[in-house]
Amino acid sequence: MGDVENYMRRAMELALLGQGHVSPNPMVGCVIVKEDRIIGEGWHQKHGDAHAEVNAIHSVADKSQLQGADLYVNLEPCAHHGKTPPCADLIAQYPFSKVYFSNIDPNPLVAGKGAEKIFAAGIKVYQGILEKEGQKLNRRFFSRHEKKRPFIILKWAETADGFIAHSNYDSKWISGELSRKLVHQWRSQEDAVFVGTNTVLFDNPQLNVRDWSGRDPIRMFIDKQLQVPQGAHVFDKSQPTVCFNFIKQKVENQVEYVKLDPHDDLSEVILNNMQERGVMSVLVEGGTQLIQSLIEKGLWDEARVFKSPTAFGEGIRAPQLQHAVLQSQEMIEQDQLNIFTRNE
Ligand code: AOF
Ligand code: ZN
68 MGDVENYMRR AMELALLGQG HVSPNPMVGC VIVKEDRIIG EGWHQKHGDA
118 HAEVNAIHSV ADKSQLQGAD LYVNLEPCAH HGKTPPCADL IAQYPFSKVY
168 FSNIDPNPLV AGKGAEKIFA AGIKVYQGIL EKEGQKLNRR FFSRHEKKRP
218 FIILKWAETA DGFIAHSNYD SKWISGELSR KLVHQWRSQE DAVFVGTNTV
268 LFDNPQLNVR DWSGRDPIRM FIDKQLQVPQ GAHVFDKSQP TVCFNFIKQK
318 VENQVEYVKL DPHDDLSEVI LNNMQERGVM SVLVEGGTQL IQSLIEKGLW
368 DEARVFKSPT AFGEGIRAPQ LQHAVLQSQE MIEQDQLNIF TRNE
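Under my numbering, the first residue of the sequence shown is numbered 68, with each subsequent residue one higher.
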């Protein structure tokens, strides 16, 4: 079993190379093994492009090598015609001996049908290899299909004494330089960043990827009464921007204004809006009010909290997590990074 897991681990490593480029598709990697040697590899590189299995099969120049080979892929091969033809049909055309996969594809067009097609072609199929790791890898994709909402990551930096900002909302320089770089890397990995009104008003954030290389996320913010001045960074037209408000519904100066009804459950409507536009994950960067209201509703999946060595003595209290399970703790220079998940 050790080898099977190692090959699956390699498939997942390849899958991760697609991070930031494949949403709303899952990250998928594939390895082809013959006589205990990897003879082909591939991954899903970009939304709309070839799937992992296709790239792996095409990486084997001499197709006669596929006779009796085994294929490892972290997601059940697809059975449907989407932007690309079904991977299960392609696999079934070749004389593979076994196919190992990690997770059933929750996409109703696939779920179980891919495995069936391959089995019907006389290839042995094993599922559930490193299932938990596969679920974690594609937690954003599984949230979209199972919870029907984006995967929600809360992020904030708090002082040693539990404050997120001074009383005048000044929150500059709580975490160190490397922590801020890391946040830019995170932005490049998620589809959207989302903040509340006060954060835009007081921090004037750019919400882009400057200190890392990668693509900018969609930036989204709430500004019920349209108080944010036009000179704010969020209006600089440098990246897709959505403003949730109570006043207007239109696209103006490259900002999409989405009008909400004050009687609606705002978080529900906003998350639905994200789901509809294919936003599979969102990094919520503040402030306390927005983050706390999501916590109260159980609308979060992961929280990344920096604890800096500085103390403010007084100020605006950091959010308080509920039902949180600490997953990891590491030092980023002077800051302690704690990652929590929500215990459902
Ligand atoms: C696979 N291998 O590498 C990926 C799969 O529009 P399409 O054709 O790209 O299909 C997208 C769906 O295919 C996606 O929702 C998911 O169910 C599956 N993704 N399947 O066999 C892959 N990326
Ligand atoms: Zn496919």
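Glycine is no exception: its CB is placed at the ideal position from the N, C-alpha and C atoms.
| Item | Value |
| --- | --- |
| Boundaries (first-last residue) of the beta strand (DSSP E) holding A259 | A259 to V262 |
| Rounded straight-line distance, which links the Cα of R277 to that of H251 | 7 angstroms |
| Continuous beta strand (DSSP E) stretch holding K326: start and end | V322 to K326 |
| Residue range of the alpha helix (DSSP H) that includes T308 | Counting along the chain, T308 falls outside any alpha helix (DSSP H), though it belongs to the beta strand (DSSP E) covering T308 to N312. |
| Through-space distance from K130 to D290, alpha-carbon basis | 57 angstroms |
| Check: P386 C-beta below 7 angstroms from any heavy atom of ligand 2 | no |
| Inter-residue spacing [alpha-carbon to alpha-carbon] between K13 and Q297 | This structure does not reach residue 13, given that the chain is present from 68 up to 411, and the question cannot be answered. |
| For ligand 2, residues whose Cβ lies under 5 angstroms from any non-hydrogen atom | H118, C145 and C154 |
| Reference D258; option with closest CA among I185, Q86, P162 and G115 | Q86 |
| Meets three-Cβ-pair contact criterion under 8 angstroms: the region 316-325 and the region 386-406 | no |
| Of the listed residues I406, L388 and Q387, nearest to Q396 (C-alpha basis) | I406 |
| Per-residue burial, M68 [other beta carbons within 10 Å of its own, 16 or more giving buried] | Low confidence applies here, because M68 scores a pLDDT of 46, under 50, leaving its location unreliable; read the following figure in that light. Classification for M68: exposed. |
| Unbroken alpha helix (DSSP H) run spanning R254, endpoints | E244 to Q256 |
| Separation of D368 from D228, as counted between CA atoms | 25 angstroms |
| Close Cβ partners of K364 (< 8 angstroms) along its chain, the five nearest in sequence each way excluded | S334 |
| P175: CB within 7 angstroms of a non-hydrogen atom of ligand 1 | no |
| Cβ-heavy atom distance, L142 to ligand 1, below 7 angstroms | yes |
| beta-carbon K180 near ligand 1 non-hydrogen atom, thresh 7 angstroms | no |
| Residue-chain proximity (S348, chain C), Cβ-Cβ < 8 angstroms | No chain C appears in the structure shown, which is made up of a single protein chain. |
| Pair within 8 angstroms by beta-carbon distance, G263 and L357 | yes |
| At least three beta-carbon pairs within less than 8 angstroms, the region 193-202 to the region 215-228 | no |
| Residue interval of the alpha helix (DSSP H) (run including D156) | C154 to A159 |
| Range of the contiguous beta strand (DSSP E) that encloses N340 | Not the beta strand (DSSP E): N340 falls in the alpha helix (DSSP H), residues L333 to E343. |
| Closest Cα partner of P93 within the set V372, R211, H125 and F379 | R211 |
| Close Cβ partners of Q359 (< 8 angstroms) along its chain, the five nearest in sequence each way excluded | P386 and Q387 |
| Proximity below 8 angstroms, CB of A224 to CB of S375 | yes |
| Simplified DSSP assignment, three categories, for N405 | strand |
| At least 3 beta-carbon pairs within less than 8 angstroms: the region 333-347 vs the region 183-200 | no |
| Distance between V140 and V121 (C-alpha atoms, nearest Å) | 11 angstroms |
| E120 Cβ short of 7 angstroms to ligand 1 heavy atom set | yes |
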